[in-house]
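Numbering (the working numbering), first residue to last: 83 to 131.
Single-structure report; data block below.
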């Protein structure tokens with residue numbers, strides 16, 4: 083599960099860095115997208131069990 087989380091976070095980071103680069107809002111967007119992704123992974127994990 084930790085590998086899945088790490089993979090998703092790396093993809094989100096690459097996506098945000100590609101589109102926003104060194105913009106001031108890149109960190110906020112990265113934090114928001116990471117939180118949403120972790121929430122969805124958590125929901126899917128409990129749904130599978």
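Don't be surprised by glycine CBs; every beta carbon is placed ideally from N, CA and C.
Residue state for residue 104 is assigned as coil, using DSSP reduced to three classes. Contact between residue 89 and residue 98 is absent: CB atoms are separated by about 15 Å, not below the 8 Å threshold. Inclusion of residue 120 and residue 87 in the CB contact set at 8 Å is warranted, their separation being smaller than that value. By the criterion of a C-beta distance shorter than 6 Å, residue 115 is surrounded in its chain by 94, once the five residues flanking it on both sides are discounted. Straight-line measurement puts the Cα of residue 128 at about 32 Å from the Cα of residue 100.
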